Amino acid sequence: MAGTGTLTPPLFVAMASYASWLVLFLFGHMRDFYRKKIWGGRAAKKAKEGYAAIRQDYEDFYTRRMYYRIHDTFNRPICSAPDSWIDVMERTPVDGQKPLQLTGGSQRCLNLGSYNYLGFAAQDPYCTPRVEGVLDQLGWASAAPRSDGGTTPRHAELERLVAEFLGKEAAITCGMGFATNSAFIPLLAGKGTLIVSDALNHASIVAGVRGAGARVKVFDHNDPAHLEAVLRTAIAEGQPRTSRPWKKIIVIIEGIYSMEGELARLPEIVAIKKKYKAYLYLDEAHSVGALGAGGRGVCEQLGVDTADVDVMMGTFTKSFGSCGGYIAGSAELVQYLRCQCPAHLYASAMSPPAVEMVISALHVIQGADGSTRGQDKIRQLRDNANYFRRRLLELGYNVLGDWDSPVMPIMLFNPAKLPGISRYMLHRGLAIVVVGFPATPLLTARMRVCISASHSRQDLDYALEVFADVVQRCHLKYCDESTAARHIKAFQARQLLVQA
Amino acid sequence: MARSLGRGLSGALMWTITHSILAAGAVLALSFLDPARQASPHLAALHSAALDGWHLVAPGGAWHPTAFIEHKGHLVVEGFLLLAISYLLLQGTFRPGQLEQEALTPKEVDELCEEWEPEPLAPPLTDAQRAWREPIVSSEAGREVTVNGRKALNFASLNFLGIAGSPEVREACRATIHKYGVGSCGPRGFYGTIDVHLQLEERLARFMGTEEAILYSYDLSTLPSILPAFASKKDLILCDEGVNYAIQNGAHLSRAKVLFFKHNDMADLQRLLAAQEEADRQHRKPLNRRFIVVEGIYANSGDLAPLDQLMPLKEKYRYRLVVDESMALGVLGRRGRGAVEHFGYGAEQVEIVAGSIGNALGSIGGFCAGDREIVDHQRLSGLGYCFSASLPPFLATAGVCALDHLEQRGGELIPAVQRNARTFRELAAGIPQLQVVGGEAAAVSPVIHLALHPQPAPEEYDAGDAALQLVVEDCLSREGVMVALARYSKLERRRPPPSLRVAVTAEHTAADLRKAVAALKASCKRVLG
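Residue numbers (the UniProt record's numbering), protein chains in the order written: chain A, 1 to 500; chain B, 1 to 529.
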């Protein structure tokens, strides 16, 4: 894996993690066994005569016996804006499978979990008044799809602005990021189309691809050589059974992979895509706004012409502090999507205040508000991200991802460390995200830090203090000093090169 | 040439071999005859050699299998077998065709890649598609709107109760934007759960009369998340043929077996149920999860699912019922719970109720209401719940306020919208070129589809759409009434016939309804003749 970390655990840690899972598994089954013996099992209590249980015992074994032990580390409610500091609502401790109750209290925490990359999540002196203006003028929802009565002048303006920002002919927006992938991909890929998808693509892409009725091949995560091999074989062999040539081939990748923090190897992939005449669909959910000198995403960051990316998809939920997503491409493509996309014809139009939030955030980013705040935010985000990554490496953490990426997954490997770290960090006032199986492979449980431009240096130093403590307490020193030094040196050399 | 020569040679060889064997046999047989032996010493020698050989392999002979076994010769055989087995095991699996087809050389692959020409990413557009632009509404979605710069009566927004536009909701939205900003910047699992989400979920559950409710951030992702969360490969989903795209998509994504019954045809459903039961019995299929999926009010036709007839069938064959109340919520039933309440059933009688807070409730988003087991499971398995940013907090507040509004004023608003729907349907029956879809049972539904009359053949649907699009444009520009053309994506499994979609709200006055019908009548006359 490229970047500053590795997904491979040390041998002892791997053994310990397997042991951990084994214990969880055995205890889970033991508890199931006794529950069945003593209370006759859940099925006896719940299922109505003649109906199959809505969840078979084996289907939700994981949920019952593993997830519920640590479910306080997920779905933590907050009662403030998802800004750099948040109020996490206190809940009762885990008690079997009972739902957690709010106690009424809350705790101020440093937010290292939200995708608030540019810090537009909270009040903004430029954006909020404009959002309110639109709320007064156009309301909060139009109760109509975009095609008939849901399109306001602000929607049209947003689509124009997004297209211009990305350097594409046209753009179309959708009220939800997930639905942008799941509703638009089926229209691009019908029968006879081959989709070549990165192995670690997001669930929304998987849903879109499965809804499409097209064939799918998966290439190894971020591996252009394997992509090339897959494309060559596919073109040479044609469609399975009929051996007809594929009608078209669409390669789908992401700009930043949200669970790996890595940047797509875009220049290499674009070269391959051009060579084999495939189309490229780039999901910039996490990268648009967060990468590139002007916030234009991974293309700007890596010096790729956006004309070489056929379909640019992205969301407004992250950097722009709003909701929804967009597809940008040729005018012909976008008009086709307008006429055919379920999200355009059936679903509620994106809320006008949310539209205005994106428009004004784009103004700020591009400096159209007459200030340098946008530029400052982008620079701050990059500085924060690189500072935090460097310090984490120095502390000995195994941090995945690339320099400049604000997404930093930190490897824990052992599932037993998830709840411990999450709870301890919360106790110390850090709101952090932990993920394990089934969202990641069995052995690669991790925590994730998302850096924001709104974090101050003091905020980050405070967090690093806690991280320094945790690396000792939880034995997380998975990266030796020489490796860390090597990564940091490479980064500094690159910085010098950029400056020159 | 070479091949026929080879064949000739091998034929000759075979002939020689077989005939030599035959000749040797004949000579051996000859040596057993006394006169022959006496005549030739060679034959006598052959004869004694043959006898010696026989004594060697005959019972008691040194080469007889018994002697062989006695001297542990079986070990040799077994060793040989073992060798053979390991040899076979070490061989690759035999694949038919493997031997015949030679792999392509890299050069050949290069050529194939060079030759291959893909189709364009998007299929070519028709002129009508290229020219189409959405109407641009530059005011709130009230009774009257500004469309493309002109005032018009709004019969397109699905704002059945007029909640989108009410000042209390607006102020609540403003306060939420002040406190929480616009977006939630994260999925529900990772600090994207804000107290207003919990509040809305609790209110929805209370309103629907269920144990719990779960909030989705978009209506289009609600059903495609719910159905795959519960149905999987071995399960069965029976869908009405007229269901909306979200349900079709959800059923497809679930990988369950999906069967469609004719729209609102309970006899057809009964037939399917009985056939399925019979098939299950014959194949001794283990009990699987089975669902019937219908809509309270069908978005694509505006009529109601006949739940009164469906409920006994569901109970008899023991299917779980999934009702999408997206259009019916706030419109049907005494309290506005939807079609389930309209037909007099309790919330507990339907296993899964889904809905949208986007239409009558005038916000954006979707939800699912049911008992804790149903809802809780979706919090880990609902794709659109786990993997999507949560609903912007101000839209959740709008949902809470809308429920307040509905609970306080539902008593007058719900009968008003139903009355308006009935009136409009009666009046619209007088337009000769159009036909109101749905019979008497659909009279209360404010989603009114006016289909072309007479109905065109399926291959003329595009022409029908084009004609109706002209009606919509004419009606808007000359009569000042905005109605919608029912547009369908090509992803639809079955394309419904062309129709206009009119949405009647509680805010419309009797004069509005008359004006709209008169406008449609005039436009139809001008455009369709």
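Ideal placement from N, C-alpha and C gives every residue a C-beta, glycine not left out.
Quick caveat, the model's predicted, so the values are computed rather than measured.
Cutting at 8 Å between CB atoms, please list the residues of its own chain near residue i, excluding the five before and the five after it.
| i | result |
| --- | --- |
| A:P240 | R215 |
| B:A152 | E144, V145, T146, L476, G480, V481 and M482 |
| A:V134 | R154, P352, P353, V355 and E356 |
Mind reading off the beta-carbon distance from residue i to residue j? Whole number of angstroms is fine, and I expect it under 8 Å.
| i | j | result |
| --- | --- | --- |
| A:D369 | A:E262 | Not really, about 32 Å apart at Cβ, beyond 8 Å. |
| B:A506 | B:A416 | 4 Å |
| A:D310 | A:E254 | A:D310 to A:E254, Cβ: 15 Å. No contact. |
| A:R108 | A:G429 | 7 Å |
| B:L395 | B:C386 | Their Cβ separation, rounded to whole angstroms, is 19 Å, which puts B:L395 and B:C386 out of contact at 8 Å. |
| B:M208 | B:A122 | At roughly 41 Å, the Cβ-Cβ gap does not stay under 8 Å, so B:M208 and B:A122 are not in contact. |
| A:G113 | A:V433 | 4 Å |
| A:C174 | A:A343 | 4 Å |
| A:P93 | A:D72 | 7 Å |
| B:S225 | B:G384 | 4 Å |
| B:A369 | B:A213 | 4 Å |
| B:S157 | B:A503 | 6 Å |
| B:S363 | B:A398 | 4 Å |
Output needed for residue i: all residues of its chain with C-beta closer than 6 Å, excluding positions within five of it in sequence on either side, in chain order.
| i | result |
| --- | --- |
| B:A328 | G296, I297, G338 and A339 |
| A:M30 | none |
| A:A234 | L194 |
| A:T63 | none |
| A:S204 | F178, N181 and S182 |
| B:H342 | L332 and G333 |
| A:V334 | A170 and I172 |
Look at the alpha carbon of residue i and the alpha carbon of residue j, and state the distance between them as a whole number of angstroms.
| i | j | result |
| --- | --- | --- |
| A:A44 | B:Y317 | Bear in mind that the predicted position of A:A44 carries a pLDDT of just 49, short of 50, making it too unreliable to give a figure here. |
| B:P393 | B:E171 | 14 Å |
| B:V76 | B:A67 | 14 Å |
| B:L200 | B:V375 | 14 Å |
| A:R244 | A:H202 | 30 Å |
| A:Q499 | A:A493 | 10 Å |
| A:A278 | B:I194 | 42 Å |
| B:L513 | B:T423 | 8 Å |
| B:C401 | B:L361 | 9 Å |
| B:D324 | B:K233 | 22 Å |
| A:T440 | A:M66 | 15 Å |
| A:D60 | A:E260 | 27 Å |
| B:A519 | B:S489 | 28 Å |
| A:A81 | A:G367 | 25 Å |
| B:L9 | B:S20 | 17 Å |
| A:G295 | A:G303 | 13 Å |
| B:G529 | B:V137 | 29 Å |
Go through its chain and collect everything with a Cβ distance to residue i's Cβ below 7 Å, but skip five positions before and after it.
| i | result |
| --- | --- |
| B:S139 | V145 and T146 |
| A:P224 | R265, E268, I269 and I272 |
Can you pull the chain B neighbours of residue i, defined as C-beta to C-beta under 8 Å?
| i | result |
| --- | --- |
| A:C341 | S489 |
| A:E132 | R174 and I177 |
| A:M89 | D195 |
Taking C-beta pairs closer than 9 Å, name the residues in chain B that residue i reaches, listed in chain order.
| i | result |
| --- | --- |
| A:A16 | Near A:A16 there are no residues of chain B at all, since even the closest Cβ is about 26 Å away, more than 9 Å. |
| A:L135 | R170, C173, R174, I177 and F394 |
At a CB-CB cut-off below 7 Å, which residues of chain A make contact with residue i?
| i | result |
| --- | --- |
| B:Y245 | P342 and Y346 |
| B:N288 | A52 |
| residue 539 of chain B | There is no way to answer for residue 539 of chain B, as the model of chain B reaches only from 1 to 529. |
Name, please, each residue of chain B whose Cβ falls closer than 7 Å to the Cβ of residue i.
| i | result |
| --- | --- |
| A:E332 | A122 and L125 |
| residue 532 of chain A | Not covered by the structure: residue 532 of chain A. The range shown for chain A is 1 to 500. |
At a CB-CB cut-off below 8 Å, which residues of chain A make contact with residue i?
| i | result |
| --- | --- |
| B:Q129 | Q335, Y336 and C339 |
Mind listing the chain A neighbours of residue i? Cutoff is C-beta to C-beta under 9 Å, in chain order.
| i | result |
| --- | --- |
| B:S363 | W140, A141, A143, S348 and S351 |
| B:K383 | First, the amino acid is wrong: residue 383 of chain B is Leu here, not Lys. By Cβ distance, chain A contributes F178, S182, A203, S204, V206 and A207. |
Just to make sure I have the definition right: I need the residues of chain C whose C-beta is within less than 9 Å of the C-beta of residue i. Which are they?
| i | result |
| --- | --- |
| B:D462 | Any reference to chain C falls outside this structure, whose protein chains are A and B. |
Would you list, in sequence order, the uninterrupted alpha helix (DSSP H) runs of no fewer than 4 residues that lie entirely inside the region 150-238 of chain B? 167-180, 195-208 and 223-230
In chain order, which continuous runs of the alpha helix (DSSP H) of length 4 or greater are located wholly inside the region 168-195 of chain A? 177-188
Contained alpha helix (DSSP H) runs [length at least 4] in the region 214-269 of chain A, N- to C-terminal order: 224-237
Which runs of the beta strand (DSSP E) spanning at least 3 residues fall entirely within the region 285-346 of chain A, listed in chain order? 311-315 and 325-329
At 4 residues or longer, and completely inside the region 313-349 of chain B: list those alpha helix (DSSP H) runs for me, N to C. 339-342
Just list the alpha helix (DSSP H) runs in the region 341-402 of chain A, keeping only unbroken ones of 4 residues or longer that don't cross its boundaries, in chain order. 342-345, 352-366 and 373-395
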